[in-house]
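Chains as they are written, first to last, in the working numbering: chain L, 270 to 476; chain U, 270 to 476.
By construction, the Cβ of each residue, glycine as well, lies at the ideal position given by its N, Cα and C atoms.
A quick note: this is a predicted structure, and the numbers were derived from the prediction, not measured.
Following: one structure in structure tokens, then a few remarks.
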DNA sequence: ACATGTGAATAGGTTCACAGCT
DNA sequence: AGCTGTGAACCTATTCACATGT
């Protein structure tokens, strides 16, 4: 488990989802081919990926679903809950807050921020919308590890810098800004229009 | 432009965004290093990527911003508007409908569907929420090319099959279902919890 | 002089195929 | 017998370095 390739990391959550599905229907053991078919890849890929994490299977048998779930969750750092804040509480922020499957996977939304005075202080599920004025202090106080950034694009860089300054080291960036942040802050850009543009390319190509 | 690598395709929308930014601040020509810095990559990568599309630059000078925008948009099939439908009009579907930047980039939301009788017939921006009963017919009639799928996970496979049967060849899948569809239907999974899990891995790794 | 475009070198990932274990 | 784990082969993508063109 010296060095796990990036692409393998990207597939681990997929495997985890498949394994959870398998578990809920009562499957105790899967082999690499079954898992591959569920995950939409091939058996060799599955074995190679899992081999980076250690020798997790049993030759002649396959992988124990329960054990594998635990192991992957452990590698992904999902054994403990992660504390997440949403910064920018518009429609998208609200939708993400309600997104079943974040909480399910151990991501606790512990705060939501907005700079609109009309929103500050109002209820957001079980939380209250907090002001951006106290962003740094609140992020530190609440020990936030990951921020979901859904502000308007034009303030994103500035807000992201404040978030980084507050010691947050992971940002899921839904804005169109290309964030330029210090080394050590991991940004995951999620540009929904990029995904559509890629689909558009394949449409243009195949027609 | 025989065969453009997948990874290059994934970067083209990024370049496009950077070039649009450059244009709005009045920059007429960029070189590969400048574009690389904006896009968060390196100059060699930029030149290689763009070389797949043809000889678009001028040696000794750089790339004409306007011309390059047109060329990339053309390759991505963005010169004409793309007709998009949202299937599953909950919080997330609603947020995506309002997402500025889809329309900006030529993605027209032409229909939204839901199976909740309380929602059907209500206004959704300038549209009216349509019933799932007429999904296939409506998708065909409206000539929908791309579907954004935001139904509950447990109906996703079934609905996706209907969408594919209606001739739609590109699906942006926001559900947790691992869709199994015929060859020729391009699915782009967008699993927001996967992104968070990947971030979680890097947090676990670096601390 | 300067920046592109591209073959060559390198790195990174995937697939193959089989040895090794149960 | 059956399935994992893994070196080797293969393929894809990135980086280098320089010839090429303006």
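Measure the beta-carbon distance from residue 364 of chain L to residue 364 of chain U and round it to whole angstroms, keeping in mind my assumption that it falls under 8 Å. In the first chain, residue 364 of chain L corresponds to position 95, counting from 1. In the second chain, residue 364 of chain U corresponds to position 95, counting from 1. Yes, residue 364 of chain L and residue 364 of chain U are in contact; Cβ-Cβ is about 4 Å, under 8 Å.
So which residues on chain U does residue 282 of chain L lean against when the C-beta distance must stay under 8 Å? The residue given as residue 282 of chain L occupies position 13 in the first chain. Those within 8 Å of residue 282 of chain L in chain U are 460, 462, 463, 466 and 467.
When DSSP builds the beta bridges, which residues end up paired with residue 441 of chain U? As a working mapping, residue 441 of chain U is identified with position 172 in the second chain. In the DSSP output, where bridge partners are listed per residue, residue 441 of chain U has U:417 and U:457.
Per DSSP, what kind of secondary structure is residue 494 of chain U in: helix, strand or coil? Limits of chain U in this structure are 270 at one end and 476 at the other, which puts residue 494 of chain U out of reach.
Which bits of chain L does residue 455 of chain U rub up against, with CB to CB less than 7 Å? Indexing the second chain from 1 puts residue 455 of chain U at position 186. Near residue 455 of chain U (Cβ distances below 7 Å), the residues of chain L are 468 and 471.
Alpha carbon to alpha carbon, what distance is there between residue 375 of chain L and residue 262 of chain L? The requested residue 262 of chain L is not part of the displayed model; chain L covers only 270 to 476.
Beta-carbon contacts of residue 380 of chain U that lie in its chain and below 8 Å, excluding the five residues immediately before and after: Walking along the second chain from the start, residue 380 of chain U turns up at place 111. Cβ within range, chain order: 354, 355, 396, 399, 407, 408, 411 and 413.
Three CB pairs or more closer than 8 Å across the region 357 to 371 of chain L and the region 308 to 320 of chain L: no
Cβ of residue 376 of chain U less than 8 Å from any chain L Cβ? As a working mapping, residue 376 of chain U is identified with position 107 in the second chain. Chain L contact via Cβ: present.
For residue 423 of chain L: DSSP bridge partner residues: Position 154 of the first chain, counted from the start, is the residue given in the question as residue 423 of chain L. Answer is none; residue 423 of chain L lacks a bridge partner.
When the Cα atoms are used, what is the spatial distance from residue 442 of chain L to residue 417 of chain L? Position 173 of the first chain, counting from 1, holds the residue named residue 442 of chain L. Position 148 of the first chain, counting from 1, holds the residue named residue 417 of chain L. One C-alpha to the other measures close to 6 Å.
Whole-angstrom Cβ separation of residue 298 of chain U and residue 330 of chain U, contact assumed at under 8 Å? Counting from one through the second chain, the residue named residue 298 of chain U turns up at place 29. Counting from one through the second chain, the residue named residue 330 of chain U turns up at place 61. 6 Å between Cβ atoms; contact.
Below 8 Å on C-beta distance, what does residue 358 of chain L contact in chain U? The residue you call residue 358 of chain L lines up with position 89 of the first chain. Near residue 358 of chain L there are no residues of chain U at all, since even the closest Cβ is about 12 Å away, more than 8 Å.
Residue 392 of chain L in three-state terms, based on DSSP: Residue mapping note: residue 392 of chain L aligns to position 123 of the first chain, counting from 1. In this structure, residue 392 of chain L counts as strand in the three-state DSSP scheme.
Taking a Cβ distance cut-off of 7 Å, strictly less, list which residues of the region 418 to 440 of chain U are near chain L, in chain order. 438 and 439
Around the C-beta of residue 403 of chain L, are 16 or more other C-beta atoms found within 10 angstroms, so that it is buried, or is it exposed? As a first step, residue 403 of chain L is located in the first chain; it is residue number 134 there, counting from the start. When all chains shown are included, residue 403 of chain L counts as exposed.
Would you tell me roughly how many angstroms separate the C-alpha atoms of residue 278 of chain L and residue 342 of chain U, rounded to the nearest one? To locate residue 278 of chain L, count along the first chain from 1; it is residue 9. To locate residue 342 of chain U, count along the second chain from 1; it is residue 73. Cα to Cα, residue 278 of chain L sits roughly 31 Å from residue 342 of chain U.
Cβ-based contacts, 8 Å cut-off: residues of the region 341 to 354 of chain L near chain U: 344, 345, 346, 347, 351 and 353
Using a Cβ-Cβ cut-off of 7 Å (strictly less than) and excluding sequence neighbours within five positions of residue 311 of chain L, which residues of its own chain qualify? One-based indexing of the first chain puts residue 311 of chain L at position 42. The answer, listed in chain order, is 305.
Quick one: Cα of residue 449 of chain L to Cα of residue 425 of chain L, how far? Taking the first residue of the first chain as 1, we reach residue 449 of chain L at position 180. Taking the first residue of the first chain as 1, we reach residue 425 of chain L at position 156. Distance between the alpha carbons of residue 449 of chain L and residue 425 of chain L: 10 Å.
Under the assumption that residue 405 of chain U contacts residue 431 of chain U (Cβ atoms under 8 Å), give the Cβ distance between them as a whole number of angstroms. Taking the first residue of the second chain as position 1, residue 405 of chain U is located at position 136. Taking the first residue of the second chain as position 1, residue 431 of chain U is located at position 162. About 6 Å separates the two Cβ atoms, so the contact holds.
Measure how close the beta-carbons of residue 468 of chain U and residue 455 of chain L come, nearest whole angstrom, since I'm counting them as under 8 Å. Against the second chain, residue 468 of chain U aligns to sequence position 199. Against the first chain, residue 455 of chain L aligns to sequence position 186. The pair is a contact, with the Cβ atoms about 6 Å apart (cut-off 8 Å).
For residue 286 of chain L, go through chain U and note every residue whose CB falls closer than 9 Å to its CB, in chain order. As a first step, residue 286 of chain L must be located in the first chain, where it is residue number 17. Residues of chain U passing the Cβ test: 445, 447, 460, 462 and 463.
Classify residue 473 of chain L as helix, strand or coil using the three-state DSSP reduction. In the first chain, residue 473 of chain L corresponds to position 204, counting from 1. DSSP places residue 473 of chain L in helix when its eight states are reduced to three.
Spatially closest choice to residue 451 of chain L from L:433, L:296 and L:461, by CA coordinates: If you number the first chain from 1, residue 451 of chain L lands on position 182. Residue L:433 is the option with its Cα nearest to residue 451 of chain L.
What does a CB cutoff of less than 8 Å around residue 334 of chain U pick up in its chain, not counting 5 residues either side in sequence? Reading the second chain from its first residue, position 65 is the one you call residue 334 of chain U. Hits under 8 Å: 288, 291, 292, 296, 297, 298 and 299.
What does residue 352 of chain L pair with, by DSSP beta-bridge criteria? Position 83 of the first chain, counting from 1, holds the residue named residue 352 of chain L. For residue 352 of chain L, which the question treats as bridged, DSSP gives the partners L:377.
Which one or two residues does DSSP pair with residue 399 of chain U in a beta bridge? As a first step, residue 399 of chain U is located in the second chain; it is residue number 130 there, counting from the start. Paired residue(s): U:382.
Can you grab the Cα-Cα spacing for the pair residue 340 of chain U / residue 391 of chain U, in whole Å? Residue 340 of chain U sits at position 71 when you count from the first residue of the second chain. Residue 391 of chain U sits at position 122 when you count from the first residue of the second chain. Near 40 Å, if we compare the C-alpha coordinates of residue 391 of chain U and residue 340 of chain U.
In chain order, what residues of the same chain have a beta carbon less than 6 Å from the beta carbon of residue 336 of chain U, not counting five sequence neighbours either side? Indexing the second chain from 1 puts residue 336 of chain U at position 67. Here the set comprises nothing.
So for residue 271 of chain U, helix, strand or coil by DSSP? What you label residue 271 of chain U is simply residue 2 of the second chain in a count that begins at 1. Three-state result, residue 271 of chain U: coil.
Check the Cβ-Cβ distances between residue 296 of chain U and every residue of chain L, and say whether any is below 8 Å. The sequence position of residue 296 of chain U within the second chain is 27, counting from 1. It does not; no Cβ of chain L falls within 8 Å.
State the DSSP-derived secondary structure class of residue 359 of chain U, mapped to helix, strand or coil. Translated into the one-based positions of the second chain, residue 359 of chain U becomes position 90. DSSP places residue 359 of chain U in coil when its eight states are reduced to three.
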